[in-house]
Amino acid sequence: MSLIEVKNLSKSYGPIQAVRDVSFSVDRGEVVGFLGPNGAGKSTTMKMIAGHVRADTGTASIAGFNVADQSVAAKHHLGYSPEGAPAYGEMTVREFLRFAADLRGLADPAESVRQTLSLCRLEEVAAQTVDTLSKGYRMRVGFAQAVIHDPEVLILDEPTDGLDPNQKFEVRRILKEMAARKAVIISTHILEEIGELCTRVIVIAKGEVRCDESRDKFLARGPDLNAVFRKLTA
Amino acid sequence: MSPAPSSPSRFAPLIAIMRREFAGYFRTPLAYVFLAVFNAFAVSLAFFVGGLFESGVASLDRFFLYHPWLWAFLAPAAGARLWAEERRQGTIELLLTWPVTVWQAALGKFLAAWLFLACALLMTIPVAFTVGYLGNDGSNWNIITGPDWGVIVGGYAGSLLCAGACLGIASIASALTRNQVIAFVTGFLACFILVLVGYGVFDELLAGILGSGGVDEIRRLGLWRNLEPFTLGLVDARPIAYFLSVAFAGLGLSTIIVERR
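Chains U and F, in that order, are what the protein sequence lines are. Start counting the first sequence at 378; every next residue gets the next number (the numbering used here). Start counting the second sequence at 31; every next residue gets the next number (the numbering used here).
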């Protein structure tokens with residue numbers, strides 16, 4: 378059984394078909410790069426897998442639990458960071474992570490918070506409110522709440538968006554550390570990230586899967602990844 | 031890191047959300063402004079508008095008389111942030127992808143806000159003591175036996191239930207928008223109508239439209255009409271059922287609205 382199973386997912390917003398019959402599965406140890414232009418349906422697909430948006434048709438499951446019927450069980454195995462890494466701005470980083478740990482009913486919430494602060498290198502801003510953080514730290518806080526319970530499935534919507542090269546390196550380092558034990562989906566439009574981080578690539582455009590293949594196969598499509606991307610998403 | 035628990039307590043998310051929301055009021059000056067405004071108005075309306083002192087009667091009914099007005103204004107003020115703030119900050123997407131049902135989240139938020147309103151109400155206890163003190167005949171006064179505590183406790187219980195009903199309405203308003211100001215104004219208007227129902231002028235207006243039979247039915251829905259028995263020391267199931275139904279209907283509707291959007 379794959380940790381993430383997506384079968385024939387479709388979603389329309391009024392007359393606009395955002396996602397059209399998308400199917401794929403992700404196994405433990407895989408890091409899937411979810412590529413596509415803005416408005417291609419990447420975020421909508423991720424939201425449907427995370428159980429935030431209800432699919433019109435099709436099913437998604439996480440660790441064997443259907444996200445529509447067994448949503449709470451599915452969400453215990455999921456770490457999700459939405460686009461822009463929203464967080465409660467008036468809470469300190471420590472309070473926010475403690476809230477996430479308490480809500481998830483973790484056995485030792487204080488210890489989970491301590492380990493996550495250390496893993497994501499957030500100790501020095503732990504007592505600052507989220508509102509006062511720089512974008513780089515904010516993104517890391519979003520990432521931290523997604524991994525605090527050491528989930529089997531990790532879905533990150535543009536986790537490196539707007540970060541400087543050092544911060545991107547940092548996020549990739551943490552991801553690489555934990556990727557072998559998890560099934561990970563990362564959406565991005567930074568093509569260099571594919572080579573560094575992903576084991577597999579899914580390209581989505583106009584709500585449809587245009588390509589689903591291993592990283593090496595994708596990189597072999599041509600020396601200019603931007604041209605490859607334009608051709609696939611045209 | 032701790033692995034996800036196999037059978038986490040059903041109450042863990044509820045309690046976590048309740049604690050966060052309740053503490054959230056005190057993270058901004060809003061809570062203190064709210065408590066001050068509530069107490070200032072509760073006391074001054076009773077003494078200056080209601081003539082609590084001049085009435086010469088050691089009863090709190092003139093104090094509770096204005097509570098529907100206060101709750102109609104302040105319950106939406108306290109409830110506006112419940113969902114609107116989650117939408118504005120985008121955290122609703124986090125909350126709803128954490129292992130919590132919308133119902134648990136809505137109940138946790140509602141209970142936290144209700145507890146906050148209860149704190150505001152409890153701060154007016156000195157009014158009850160004052161009336162109790164003034165009401166004694168001066169010879170053999172005793173704080174326990176002096177005032178009619180049953181009636182006073184009944185009034186406070188009724189007022190708290192009334193606050194819960196207004197908060198239920200405020201939760202619906204908050205679930206409908208990402209703008210706290212709109213949530214507040216909409217919630218206030220809805221509660222305001224329930225306050226007006228049962229007041230003479232408004233009833234005459236309605237009678238013109240519906241006939242007197244219809245008005246009688248509608249008057250039962252007014253907030254003061256249902257609060258009044260509590261302040262007279264009458265315990266009746268109907269007003270309790272009324273306030274709780276409004277509160278839970280609001281809670282249920284706000285849950286459905288959040289689930290659907």
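For every residue, glycine included, the Cβ atom is placed at its ideal position computed from N, Cα and C. Nothing here was measured: the structure is a model prediction, and the numbers come from that model.
Counting pairs of Cβ atoms below 8 angstroms between the stretch 204-222 of chain F and the stretch 181-191 of chain F, do you hit three or more?
No, they do not touch.
Determine the direct distance from the alpha carbon of U:ALA445 to that of U:THR537, and round the result to whole angstroms.
Roughly 29 angstroms separates the two Cα atoms.
Count Cβ pairs between the stretch 129-139 of chain F and the stretch 254-264 of chain F that sit closer than 8 angstroms; are there 3 or more?
These segments do not touch.
Tell me whether F:SER36 is buried or exposed, calling it buried when 16 or more other Cβ atoms sit within 10 Å of its Cβ.
The pLDDT assigned to F:SER36 is 45, lower than 50, so where the model puts this residue is not dependable, and the model offers no usable value.
Who are the Cβ neighbours of U:ASP398 in its own chain at under 6 angstroms, not counting the five residues just before and after it?
Result list for U:ASP398: ASN385, SER387, in chain order.
Output, in chain order, the set of chain U residues within a Cβ distance shorter than 8 angstroms of F:TRP128.
Within chain U, the residues near F:TRP128 are LYS452, ALA477, LEU480, ARG481.
Cα separation between U:GLY410 and U:LEU552?
Their Cα atoms are separated by approximately 13 angstroms.
For U:VAL383, which residues in chain F fall below 9 angstroms Cβ to Cβ?
By Cβ distance, chain F contributes nothing, its closest Cβ being about 16 angstroms from U:VAL383, past 9 angstroms.
Specify whether the stretch 269-287 of chain F and the stretch 193-206 of chain F touch according to this definition: at least 3 beta carbon pairs, one from each stretch, less than 8 angstroms apart.
In short, these stretches touch, since the Cβ pair count reaches three.
Between the stretch 427-439 of chain U and the stretch 595-608 of chain U, do three or more beta carbon pairs fall short of 8 angstroms?
Judged by Cβ distances under 8 angstroms, the stretch 427-439 of chain U makes no contact with the stretch 595-608 of chain U, as fewer than three pairs qualify.
U:GLU500 versus U:LEU483 - alpha carbon distance
Each residue's Cα considered, the two are about 20 angstroms apart.
Cβ-based neighbour list, U:GLU460, same chain, cut-off 7 angstroms, excluding 5 preceding and 5 following:
For U:GLU460, same chain residues with a beta-carbon under 7 angstroms away, outside a window of 5 residues either side, are SER420, ASP534, GLU535 in chain order.
Can you tell me whether F:LEU145 is buried or exposed, with buried defined as 16 or more other CB within 10 angstroms of its CB?
Classification for F:LEU145: exposed.
Does any residue of chain U bring its CB to less than 8 angstroms from the CB of F:ARG57?
Interface residue, yes.
F:LEU337 vs F:PHE71 beta-carbon contact at 8 angstroms
As displayed, chain F neither begins before 31 nor continues past 291, which places residue 337 of chain F out of reach and without an answer.
Are the beta-carbon atoms of F:SER201 and F:GLY109 separated by less than 8 angstroms?
Pairing F:SER201 with F:GLY109 gives a Cβ-Cβ distance under 8 angstroms.
Alpha carbons only, please: which of U:LEU474, U:GLU585, U:ARG405 is nearest the one belonging to U:VAL517?
Correcting the residue type first, residue 517 of chain U is Arg in the shown sequence and not Val. Residue nearest to U:ARG517 within the set U:LEU474, U:GLU585, U:ARG405 is U:LEU474 (criterion: CA-CA distance).
With 16 as the cutoff for other CB atoms within 10 Å, does U:ASN603 come out buried or exposed?
So U:ASN603 ends up on the exposed side.
Quick check on U:LYS388: does DSSP put it in helix, strand or coil?
In the structure shown, U:LYS388 falls within a strand segment according to DSSP collapsed to helix, strand and coil.
Just the Cα atoms here: how many angstroms apart are F:SER32 and U:ALA477?
No answer about F:SER32 holds up, because its pLDDT of 44 lies below 50 and its placement is not dependable.
If distances are taken between C-alpha atoms only, which option among U:ASN415, U:VAL383, U:ARG577 comes closest to U:ALA427?
Measuring from the Cα of U:ALA427, the nearest candidate turns out to be U:VAL383.
Compute the Euclidean distance between the alpha carbons of F:GLY228 and F:ASN69, then round it to the nearest angstrom.
Those two C-alpha atoms are separated by around 25 angstroms.
I'd like the list of long-range same chain contacts for U:ASP541, defined as Cβ closer than 7 angstroms, with 5 residues on each side in sequence excluded.
Short of 7 angstroms from the beta carbon of U:ASP541, and not among the five residues preceding or following it, lie these beta carbons of its own chain, in chain order: GLY513.
Using a Cβ-Cβ cut-off of 8 angstroms, state whether F:LEU124 counts as contacting chain U.
Under the Cβ distance rule, F:LEU124 counts among the residues neighbouring chain U, one pair being separated by less than 8 angstroms.
Could you work out which residue in U:TYR390, U:VAL403, U:ALA582, U:GLY391 is closest to U:LYS559 when comparing CA atoms only?
Comparing Cα-Cα distances from U:LYS559 to each of U:TYR390, U:VAL403, U:ALA582, U:GLY391, the minimum goes to U:VAL403.
Can you check DSSP and say which residues form a bridge with U:GLU382?
Note: U:GLU382 is bridge-paired with U:SER402, U:SER438 in the DSSP secondary-structure output.
Suppose you measure from the CA of U:GLU472 to the CA of U:SER389; what does that come to, to the nearest Å?
Cα-Cα distance, rounded: 37 angstroms.
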